[in-house]
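Residue numbering for the sequence shown follows numbering that gives the first Met the number 0, starting at 0 and increasing by one per position.
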Amino acid sequence: MTPSPPSHGVTNGGTDWSSDLHASARLALSCLDLTSLNDPDSEADIARLCARAQSPFGPVAAVCVWPRLAAFARTQLPEHIAVAAVANFPDGSADLQRAVRETGAIVQSGAQEVDVVMPYAQLLAGDERTVALLLQAVRKACPGLVLKVILETGELKGEALIARASRLSLDAGADFLKTSTGRAPISATPQAARIMLGVIASEPSAVKRVGFKPSGGIRTVNEAAGYIALCSEYLGPQALNAKRFRIGASSVLSDIEAILGGKTTSSTTPAATPASAY
0 MTPSPPSHGV TNGGTDWSSD LHASARLALS CLDLTSLNDP DSEADIARLC ARAQSPFGPV
60 AAVCVWPRLA AFARTQLPEH IAVAAVANFP DGSADLQRAV RETGAIVQSG AQEVDVVMPY
120 AQLLAGDERT VALLLQAVRK ACPGLVLKVI LETGELKGEA LIARASRLSL DAGADFLKTS
180 TGRAPISATP QAARIMLGVI ASEPSAVKRV GFKPSGGIRT VNEAAGYIAL CSEYLGPQAL
240 NAKRFRIGAS SVLSDIEAIL GGKTTSSTTP AATPASAY
């Protein structure tokens, strides 16, 4: 059963995120991990990404790139925009040494954040030990950096497995739970978000520290607003900042800028999600 949200005494911080697109757009911008993970990405591509990250309406929270481009990205950004890079991406290999090696490269690059894919196939096979050891090793390899663990919820496809993946990530010291790589057929969904947020909210050691990052398939502010509302519902309105909430996306920035520029283009209805999808 999907965990019910705790009572915070305030509904979404007094904001109806689904109807106040301007407020949703401004928050989404400040919590955006502007991402480019195309296989042929070059320094020129990342220079353009970093320029976009410095929007006329304000900066994004971070850019997310391949480890080989993280050091270059750092040279293209002011200090207040973080650089994140991916490890064990996108396949979620069980190769602990690979995950640690890639994480070490991210640390050496000067990046501030690591987005690591958990070995979800091992979890599906019932091998929790491999999952736990890899995540613990990655955490040890990046002391002081923000660690976001990607669960790949669309492949787990079930409440129990998503909840277990969330708990294993928290036990390993994750700073954020992240839904997806964006490479699986199913990426972020509200159903998966509720499970992950419910686990964070139920853990006394996590509820005031760990953040949530929906990623993959979020293209409009209206879609982002749904996740903003869920984060507020489960973790409280005080969690609606870049230290506790991120959105992993690229195309949503155009919609954010259109809305903040007075040209409302966000879809009036969020994209439908099948009731059975995780």
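We put the CB at the ideal spot given by N, CA and C, even for glycine.
Within the chosen definition, does the stretch 169–181 reach the stretch 209–218 through at least 3 CB pairs nearer than 8 Å? yes
DSSP three-state assignment for Gln-53, whether helix, strand or coil
Position 54 of the sequence shown, counted from the start, is the residue given in the question as residue 53. Correct three-state label for Gln-53: strand.
* To do: Label Asp-15 either buried or exposed according to how many other C-beta atoms from any shown protein chain fall within 10 Å of its C-beta, with 16 as the threshold for buried.
  => Translated into positions along the sequence shown, residue 15 becomes position 16. Exposed, since its Cβ has fewer than 16 Cβ neighbours within 10 Å.
Legend entry - Limits of the beta strand (DSSP E) - the one that Thr-34 falls within: One-based indexing of the sequence shown puts residue 34 at position 35. 31–34 is the extent of the beta strand (DSSP E) around Thr-34.
Coarse secondary structure for Val-220, derived from DSSP in three states
Within the sequence shown, numbered from 1, the residue matching residue 220 stands at position 221. Three-state DSSP puts Val-220 in a helix.
### Message
Between the alpha carbons of Ile-185 and Ala-46, how many angstroms are there, rounded?
### Response
Against the sequence shown, residue 185 aligns to sequence position 186. Against the sequence shown, residue 46 aligns to sequence position 47. Cα to Cα, Ile-185 sits roughly 30 Å from Ala-46.
For Phe-88, the nearest candidate out of Val-115, Val-206 and Ala-104 (CA to CA)
Numbered from its first residue, the sequence shown carries residue 88 at position 89. Ranking Val-115, Val-206 and Ala-104 by Cα distance to Phe-88 puts Val-115 first.
**Buried or exposed by the 16-neighbour rule on C-beta atoms within 10 Å, applied to Gln-111** = Counting from one through the sequence shown, the residue named residue 111 turns up at place 112. Of the other Cβ atoms in all chains shown, 16 or more fall within 10 Å of the Cβ of Gln-111; this residue is therefore buried.
Exercise. Excluding the 5 residues preceding and the 5 following Thr-268 in the sequence, name in chain order all residues of the same chain whose CB lies nearer than 8 Å to its CB.
Key: Residue 268 sits at position 269 when you count from the first residue of the sequence shown. For Thr-268, the predicted model reports a pLDDT of 41, less than 50, meaning its position is unreliable; a value from the coordinates is still stated below. For Thr-268, the CB contacts under 8 Å within the same chain, skipping 5 residues up- and downstream, are Asn-221 in chain order.
* With distances taken Cα to Cα, identify the nearest neighbour of Ala-84 among Leu-146, Ser-17 and Thr-264. => Within the sequence shown, numbered from 1, the residue matching residue 84 stands at position 85. Per the Cα distances, Leu-146.
Is the distance from the Cβ of Ala-61 to the Cβ of Gly-103 below 8 Å? One-based indexing of the sequence shown puts residue 61 at position 62. One-based indexing of the sequence shown puts residue 103 at position 104. No.
Worksheet item: Thinking C-beta only, is Val-148 closer than 8 Å to Leu-134?
Response: Counting from one through the sequence shown, the residue named residue 134 turns up at place 135. Counting from one through the sequence shown, the residue named residue 148 turns up at place 149. A contact, by the Cβ cut-off of 8 Å.
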